[in-house]
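Enquirer: If you're matching them up, the sequences are chains R and E in order.
With this note's numbering, you'll find the first sequence wraps up at 356, consecutive numbering, no jumps.
With this note's numbering, you'll find the second sequence wraps up at 1356, consecutive numbering, no jumps.
Protein chains: 2
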Amino acid sequence: MRDVSRATGLSMFTVSRALSGGDGVSTESREQVLKTARELGYIPNRAAQELRRASRDSVAVITASTSNSYYLDLMAGIQHALRPSNWTVVVGDVAVDGIYDPRLEDRMVQRLIESRMAGVISTLTLTPENTRLLASWDIPVVFVDSSPPASARDFPSVTTDNYNASLMVGAHIAEHGLKDWLFLVYPPKWSTRFDRERGLRDSAKRHGARIVVLESENDAVSGYDTLAAHLEAAGKLPDVLVAGNNPLLLGALNLVRDRGIKVPGDLALVAYDEFAWSSLVNPPLTVLDERSEEIGRLAARTLAEIIEGQAEAEKRGGSKTPVYRPEHQQQVPAQLVIRRSCGCHGGSFAATPAPA
Amino acid sequence: MRDVSRATGLSMFTVSRALSGGDGVSTESREQVLKTARELGYIPNRAAQELRRASRDSVAVITASTSNSYYLDLMAGIQHALRPSNWTVVVGDVAVDGIYDPRLEDRMVQRLIESRMAGVISTLTLTPENTRLLASWDIPVVFVDSSPPASARDFPSVTTDNYNASLMVGAHIAEHGLKDWLFLVYPPKWSTRFDRERGLRDSAKRHGARIVVLESENDAVSGYDTLAAHLEAAGKLPDVLVAGNNPLLLGALNLVRDRGIKVPGDLALVAYDEFAWSSLVNPPLTVLDERSEEIGRLAARTLAEIIEGQAEAEKRGGSKTPVYRPEHQQQVPAQLVIRRSCGCHGGSFAATPAPA
DNA sequence: GTCCAAAACCTAAACGATTAGGTAGCCTGG
DNA sequence: CCAGGCTACCTAATCGTTTAGGTTTTGGAC
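#1: Going by C-alpha distance, which of E:R1002, E:S1222, E:S1203 and E:D1266 is nearest E:P1187?
#2: Can you check which of these residues, R:I78, R:E293 and R:S29, is closest to R:A304 by C-alpha distance?
#3: Classify R:D202 as helix, strand or coil using the three-state DSSP reduction.
#4: Between E:V1256 and R:T286, what straight-line distance do the alpha-carbon atoms span, to the nearest angstrom?
#5: Mapping the DSSP letters down to three states, classify E:R1259 as helix, strand or coil.
#6: Work out the CA separation of E:M1117 and E:T1302 for me, nearest whole Å.
#7: Could you tell me if E:R1196 is buried or exposed, where buried requires 16 or more neighbouring beta carbons within 10 angstroms of its beta carbon?
#8: Report yes if the C-beta distance between E:D1161 and E:Q1331 is below 7 Å; otherwise report no.
#9: Would you call the CB atoms of R:E294 and E:I1043 closer than 7 Å?
#10: Check for me: the alpha helix (DSSP H) holding E:L1336 runs from which residue to which?
#11: In chain E, which residues lie less than 8 Å from R:S136 when you measure between Cβ atoms?
#12: Between E:L1231 and E:L1184, is the Cβ-Cβ spacing less than 7 Å?
#13: Which two residues bound the contiguous beta strand (DSSP E) that contains E:S1122?
#14: So that I know if they touch, is there some Cβ in chain R lying closer than 7 Å to that of E:A1271?
#15: Give, in chain order, every residue of the segment 1128-1158 of chain E whose Cβ lies closer than 9 Å to some Cβ of chain R.
#16: Which whole runs of the alpha helix (DSSP H) in the segment 144-195 of chain R are 4 residues long or more, in chain order?
#17: Please report how far the alpha carbon of E:G1199 lies from the alpha carbon of E:F1143, in whole angstroms.
#18: Hey, does R:A276 have any beta-carbon neighbour from chain E nearer than 7 Å?
#19: Less than 8 Å between C-beta atoms, sequence neighbours within five positions excluded: which residues of the same chain meet that for E:P1355?
#20: The segment 1092-1126 of chain E: which residues have C-beta closer than 9 Å to a C-beta of chain R, in chain order?
#21: One question on the structure: do E:A1252 and E:A1243 come within less than 7 Å of each other, judged by their Cβ atoms?
#22: Are there 16 or more other CB atoms within 10 angstroms of the CB of R:A220, so buried, or fewer, so exposed?
#23: In the DSSP assignment, find the unbroken beta strand (DSSP E) run with E:R1210 in it and report its ends.
#24: Along the chain, where does the alpha helix (DSSP H) that runs through E:G1265 open and close?
#25: Within 10 Å of its beta-carbon, does E:A1271 have 16 or more other beta-carbons around it, so buried, or fewer, so exposed?
#26: Counting beta carbon pairs with one atom in the segment 1159-1177 of chain E and one in the segment 1118-1135 of chain E, are three or more of them shorter than 8 Å?
#27: Taking only beta-carbon positions, decide if E:N1282 is within less than 7 Å of chain R.
#28: Are the C-beta of E:E1217 and some C-beta of chain R separated by less than 7 Å?
#29: Which residues of the segment 1230-1245 of chain E have a Cβ closer than 9 Å to any Cβ of chain R? Give them in chain order.
#30: Could you give the DSSP three-state label for E:Y1070: helix, strand or coil?
#31: Return the chain-ordered ranges of every alpha helix (DSSP H) run that is complete within the segment 1234-1315 of chain E and spans a minimum of 4 residues.
#32: Count the other CB atoms, across all protein chains shown, that sit within 10 Å of the CB of R:G296; report buried if there are 16 or more and exposed otherwise.
#33: Tell me R:D101's beta-bridge partners as DSSP assigns them.
#34: Quick one: which chain R residues come within Cβ less than 7 Å of E:N1068?
#35: Locate the alpha helix (DSSP H) running through R:T131, then write down its first and last residues.
#36: Only counting runs of 4 or more residues, tell me where the alpha helix (DSSP H) segments fall wholly within the segment 1010-1066 of chain E, in order along the chain.
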């Protein structure tokens, strides 16, 4: 296409400069070029640009939980923080049919390196090998709502303060006098699991409650089945069910409905992750609100900062290894939104409208 | 990196062939190459590959409704249909903070052409200029849950049979004897609007009902505000509210809750688009189920077929203009899922578990 | 009228892969 | 022993940009 633009009689150099807005081009030449380019319908070839410029103009978000409610807010936050800069955001889903696949993770990381990404935001703890691989290509990684792998403890991460959040959850449950807790939770691949579990366990101990932690795959159907099997085996209901995240909550609520269990009459319910419908389901749900959008925004800003530092260091002839500073590890406080499923406000079948 | 791989003493040609699995390379050379490549941590540069091969190995999905429930299912269907081939799926969101921005559409189309995409699936009716632009670069487009612009009527599209679906909705409402209908609907940019409105209007006429069509921006907050303003002005409730899609339903339900309106006692409610929580909200919702995943799968398959036809035609020296055939325009029947919000099964506050 | 710097422009070499077109060596059949 | 056809390999051009390093032109300042 460029040789077509050379129909202006000007050289490649001038055309390139004119189009990209650099200097060394007279105003008339520039206009001439822009005009012919428009007439000819010239659109640059990105592959060629990236090849020449050594790429690095998009950042990737790795996720395995597109169906989790917080995902949309998180993305909104990331997009928002990155819109002013002109990086492109691409999302890489490493789950097939909603369940995480490690081979997909490998393939995804491979592809991100092939595309010479400027940076990566990961919503899950990557494998040590993949983390190392990205590092060896000088691609900065920010973990969001997940921790870096043990082999890379200094990597940046932005998460909810899950430990204290879980203490809050536990404290509220204890206020209701509930002593028999069941925590339905996803696998440790999503590393928020650790702090959530620890907080809840500590809280149970502190309040003299028993807690059972029940692990399920990270999707609604597995949540349903796992919980059903557990209740079957246990023979009786716990006092309260804590759903570890949105898909598991969905599974649990479906089971509760199918079994005719009354919430919070027979079983109180508290869940992680606020979402759009939480105040509309029956009963309105008491949930932990994560402020996902802010987390996304923070993560994106952190990544941008690191990438810029990297670019600057390189310009000054330094190494382009990303530098991670301790303040890049951030925790965002969460908030407990109290509705009815925990037993507050008179439970499920009240005739008055539920609070938002 | 490639010259590093030349540390095997073999030429670029041999290395390239060895890595890409082509023939003309002895088994030992191939092993030698693979071994060194692995040792050196060689990862190909995608920009260079795309430049040389004239790209065309990813397809894009253009959407402005990531928060709409059907989006996830749609994507799942698309991913599913495209996984066997090794095209990459990238999604391009042309909405900022949930509302559609035409300039983003332009920029997105520009970028897709820059990347020389193999094909595009669009969940909204593109502007005539953008459609023409894509066509002029021989990039096939399949519209999904939306129609092609009037200037390009022969383009492929896969949609729900919205007209008949709306007749079904209307018929069911009529069975309840409701005569005063309110249709809360999104703007015509999402072209399913036309058939849905037409179906509902025809149905109202057929059953001797009055229908008011109320247009709102396509997000929950606008839906809430628009509906609130309308009810204010009208001074009384209609018999039934039909929510045109998921975000509008969300807005409507929030309003209903805030106003203390009883559903279906004071106002019956039917909504478009099945979603995960529809049977769990209060009351369980009667919705039109779109089979989004199948629509996605169908669209992806159609696109794949067209791209393959294109590649074949080009190989035979023909034109690479995509050929669209009439059977590429497909309609998928929908299904009405009857729960309680329409007035069936005894309404909202029943103590028995709601049907799934 | 010189000299010099700045502005405007050009030539040609990259970037990292693929591949058309060629060559050398070996085998096989006649 | 040679033609012919393999196989395994190589050289070098090519994709569409950007840009380092020149060259020419222009316009003052002296």
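Just so it is clear, CB atoms sit at the ideal spot from N, CA and C, and this is done for glycine as well.
All of these numbers come straight from a predicted model, not from anything done at the bench.
Expert: A quick look at the data gives this:
#1: Residue E:S1222 is the option with its Cα nearest to E:P1187.
#2: Comparing Cα positions, the closest option is R:I78.
#3: Helix.
#4: Cα to Cα, the separation comes out at about 20 Å.
#5: Residue state, collapsed to three classes: helix.
#6: Each residue's Cα considered, the two are about 16 Å apart.
#7: It counts as buried.
#8: Yes. Within cutoff.
#9: Result no, Cβ atoms of R:E294 and E:I1043 do not sit closer than 7 Å.
#10: Residue range Q1335 to V1337 is occupied by the beta strand (DSSP E) that includes E:L1336, with no alpha helix (DSSP H) assigned at that position.
#11: The contact set of R:S136 on chain E, defined by CB atoms closer than 8 Å, consists of G1041 in chain order.
#12: No.
#13: Where E:S1122 is concerned, the enclosing beta strand (DSSP E) stretches over G1119 to S1122.
#14: Answer no: the Cβ-Cβ gap between E:A1271 and chain R never drops below 7 Å.
#15: Per Cβ criterion, the list reads L1133, S1136 and W1137.
#16: Runs of the alpha helix (DSSP H) inside the segment 144-195 of chain R: 162-175.
#17: Approximately 21 Å between the Cα atoms of the pair.
#18: Taking Cβ atoms only, chain E reaches closer than 7 Å to R:A276, which makes this a yes.
#19: With a pLDDT of only 45 at E:P1355, under the threshold of 50, the placement of this residue in the model should not be trusted, and no figure is reported.
#20: Within the segment 1092-1126 of chain E, contact with chain R at the beta-carbon level (separation under 9 Å) is assigned to D1093, V1096, D1097, G1098, Q1110, R1111, I1113, E1114, S1115 and R1116.
#21: Against a cut-off of 7 Å, the Cβ pair of E:A1243 and E:A1252 comes out as a contact.
#22: Buried.
#23: Following the DSSP letters along the chain, one finds E:R1210 inside the beta strand (DSSP E) bounded by residues R1210 to E1215.
#24: Element bounds for E:G1265: n/a, residue is neither H nor E.
#25: It counts as buried.
#26: Here the segment 1118-1135 of chain E does not lie against the segment 1159-1177 of chain E, with fewer than 3 beta-carbon pairs under 8 Å apart.
#27: The C-beta of E:N1282 comes closer than 7 Å to at least one C-beta of chain R.
#28: Output row for E:E1217: interface = no.
#29: Those residues of the segment 1230-1245 of chain E that come within reach of chain R (Cβ to Cβ, closer than 9 Å) do not exist; the list is empty.
#30: Looking at E:Y1070 - three-state DSSP - the assignment turns out to be helix.
#31: Whole alpha helix (DSSP H) segments, 4+ residues: 1246-1259 and 1292-1315.
#32: Answer is buried; the Cβ neighbour count reaches 16.
#33: The bridge partners DSSP lists for R:D101 come to none.
#34: Within chain R, no residue comes near E:N1068; the closest Cβ sits about 10 Å away, beyond 7 Å.
#35: Segment P128 to S136, the alpha helix (DSSP H) holding R:T131.
#36: Note on the segment 1010-1066 of chain E: whole alpha helix (DSSP H) runs with a minimum of 4 residues are 1012-1020, 1027-1040 and 1046-1053, in chain order.
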